[in-house]
Amino acid sequence: MRRYRKLLRILVIVSSVGLLTIGVWWWQWQAPYRTLKTFLYALEKGDINTLYNLAPPKERELKIITPELIRYTYQNLLHPLLFTRYRLVSIERTSPESMRPEIFIRNVAVRFYLYYRDDQGNEIKPPLVVYVTRPPGERRWYVPFSYYVFTTAHSLIGFDETQGDAWMYRAGYRFVYLHNGGIIPLKPPR
């Protein structure tokens, strides 16, 4: 009888540790998704402060984005061309290195594809791309806003330099902060 009680205690302890480990892993694995949901909710509501605070610290520090630029982008691109015409129908999580989602905790970025559809069933092609990143040394996850605008402008307006890039440059963007911490300059429209 004592042997069974001891075995039962060991089994309970091992099960508890296993469940705790799985719980911590799940919480960490879902962190980018929670950040994305907060970002998408703020986008739909036009919550400029939340969008600004979700941008990586370096993107804010270098003044690649400002609250005024986010407000202008929301009022002149996102609201009229995206939210009044389309609704989000699905989200696909992938890895920057491959199309499959990562099972273990990543240390740099998670890519999400956002699929939008209008009332007639037309989809935005290619789907919008959002990177949720965790810069080195940071514990929080962020969404590079300028990169989201870059990919969104190209999907909604056009892919050549005279369309998506030109809109961004005219709006006041001079650089795009990438998911990996890199920065690319925008060229002035011709």
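In the numbering used here, the protein residues as written are 1120 to 1309. Where a beta carbon is used, it is the ideal one built from N, C-alpha and C, also for glycine. In this text, all values refer to a predicted model and were calculated from it rather than measured experimentally.
Using 8 Å as the threshold, is the C-beta distance between A1161 and L1155 below it?
Contact flag unset, no.
Exposed unless 16 or more other CB atoms sit within 10 angstroms - verdict on V1295:
With 16 or more other Cβ atoms within 10 Å, it is buried.
Nearest residue (CA-CA) to G1300, options I1183, K1306, H1198, I1243:
Minimum Cα distance to G1300 is reached at I1183.
Do the segment 1197–1210 and the segment 1236–1252 touch if we need at least three Cβ pairs shorter than 8 Å?
Contact between the segment 1197–1210 and the segment 1236–1252 is present: 3 or more CB-CB pairs across the two stretches fall below 8 Å.
Helix, strand or coil at T1252 [DSSP, three-state]
Strand at T1252.
Taking only three categories from DSSP, how would you classify L1181?
Correct three-state label for L1181: coil.
Taking the continuous alpha helix (DSSP H) assigned at L1197, which residues delimit it?
The continuous stretches of alpha helix (DSSP H) do not include L1197, and DSSP gives it neither H nor E.
Applying the criterion that 16 or more other CB atoms from any shown protein chain within 10 Å of the CB defines a buried residue, is I1132 buried or exposed?
So I1132 ends up on the exposed side.
Under 8 Å between C-beta atoms of P1175 and Y1261
Less than 8 Å divides the Cβ of P1175 from the Cβ of Y1261.
Test item: CB-CB of L1247 and S1274 under 8 Å:
Between L1247 and S1274, the CB-CB gap stays under 8 Å.
Check whether P1151 and V1229 have beta carbons under 8 Å apart:
Cβ atoms of P1151 and V1229: closer than 8 Å.
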